[in-house]
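Numbering (our numbering), first residue to last: 125 to 466.
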């Protein structure tokens, strides 16, 4: 039995979990653990946990970090008590060989206290705080979903840590060929921009997008996700039609743009631990990937930005996502599970 804990923020974590399943041997039992509802198409068991993040926003929970040891353990919170006891009962009933944690210091600690080995997916950014030091220190393997030769993606994990495995980025679209191989030219020469806003929150406003549209004749803009955009469960076709993608720097979004091999404008959003700003800075510093990083959605200059980015070679995303990352993750998980069951 393999457990897979899925963080509730955004949709990237749950999408990543689904990417792993096809690469496990037939008959492998997997249980998803999350406060999110069971995702459509998830073929295995799913344990929905009570939420622990519904505290009164006008009243800070008492000692929510246990003196800075954890990120979120609010004293006396019924949701926290329920979810942790549910995970403990599941461990006792199923005797898992390994739990993949994406991502929670508290869940990783709980599983390891039950004697269950943990494979932790690590996030970009500054992970030098005491909770991350504790949680990452407990893991049998630390999986980095980006290539090893892109530097300075995370702080708090030593590059020579023997537990660290770089699997490269991966997405639900791995294995698909971009269709068409490049964007199809329209009869009137119009080019296409796709903006990925995502479900994790965005600073992009409708007013800013309208200004950009007005300043770029010859370009059509499509906004996917966010409160003002269209939500598309499978944006593959839209990505493949794009001459340029404008995206935040979340790991799942970058992996999907890379799978489609489209050049991108990357605009990091504010996230804890500088996750997206660190990712974007690493992409920019690397210099070999088909991206232009902006620190915010610009008020002007878009004609030049789009023209410059459209000239980049989208096939260079192969370095970031070669389509084999989920297969490598599966190999790591099975290796740890095999040692636990030996």
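Where is the CB? At the ideal position from N, CA and C, for every residue including glycine.
Keep in mind that this is a model prediction, so the values were computed, not measured.
Asked, Found
"Close beta carbons around residue 456, own chain, < 8 Å, minus the five adjacent residues each side", "243, 265, 267, 289 and 291"
"DSSP three-state assignment for residue 195, whether helix, strand or coil", "coil"
"When 381, 155, 336 and 232 are compared against residue 424, the one with the closest alpha-carbon", "336"
"Contact test: residue 418 Cβ vs the ligand COA heavy atom, cutoff 7 Å", "Looking for the ligand COA in the displayed structure turns up nothing, as the structure carries no ligands at all."
"Residue 303 classed as buried or exposed, judged by whether at least 16 other C-beta atoms fall within 10 angstroms", "exposed"
"Environment of residue 108 [buried if 16+ CB atoms lie within 10 Å]", "Within the shown structure, residues of the chain are numbered from 125 to 466, placing residue 108 beyond reach of any answer."
"Alpha helix (DSSP H) runs contained entirely in the region 229–300, provided each spans 4 or more residues", "229–237 and 254–261"
"Nearest candidate by alpha-carbon position, reference residue 437, set 411, 448, 403 and 385", "385"
"Beta-carbon spacing of residue 139, residue 300 below 8 Å", "no"
"C-alpha distance - residue 473 paired with residue 153, whole-angstrom precision", "Residue 473 is absent from the model: the chain starts at 125 and stops at 466."
"Unbroken stretches of the alpha helix (DSSP H), 4 residues or longer, contained in the region 367–402", "375–384"
"Residue 355, buried or exposed, once every other Cβ within 10 Å from all chains shown has been counted against 16", "exposed"
"Cβ-based burial, residue 330 [other Cβ within 10 Å; buried from 16]", "exposed"
"Residue 344 - DSSP class collapsed to helix/strand/coil", "strand"
"Nearest-angstrom Cα separation, counted from residue 232 out to residue 263", "8 Å"
"C-alpha gap between residue 279 and residue 161, whole angstroms", "32 Å"
"Contact the region 391–406 vs the region 247–256: 3+ CB pairs below 8 Å", "yes"
"Exposure of residue 435, with buried meaning 16 or more beta-carbon neighbours within 10 Å", "exposed"
"Candidates 145, 144 and 273, of which the one nearest residue 412 by Cα", "273"
"Three-state class that DSSP yields for residue 416 in the structure shown", "strand"
"Residue from 148, 187 and 239 with nearest C-alpha to residue 219", "239"
"From 345, 125, 164 and 141, residue whose alpha carbon lies closest to that of residue 449", "141"
"Range covered by the beta strand (DSSP E) that runs through residue 224", "222–226"
"Contacts around residue 366, its chain only, beta-carbon distance under 7 Å, and the 5 residues preceding and following it disregarded", "307, 316, 317, 318 and 386"
"Through-space distance from residue 192 to residue 404, alpha-carbon basis", "28 Å"
"Chain-order list of residues whose beta-carbon lies under 6 Å from that of residue 373 (same chain, five-residue window excluded)", "390, 392, 400, 403 and 404"
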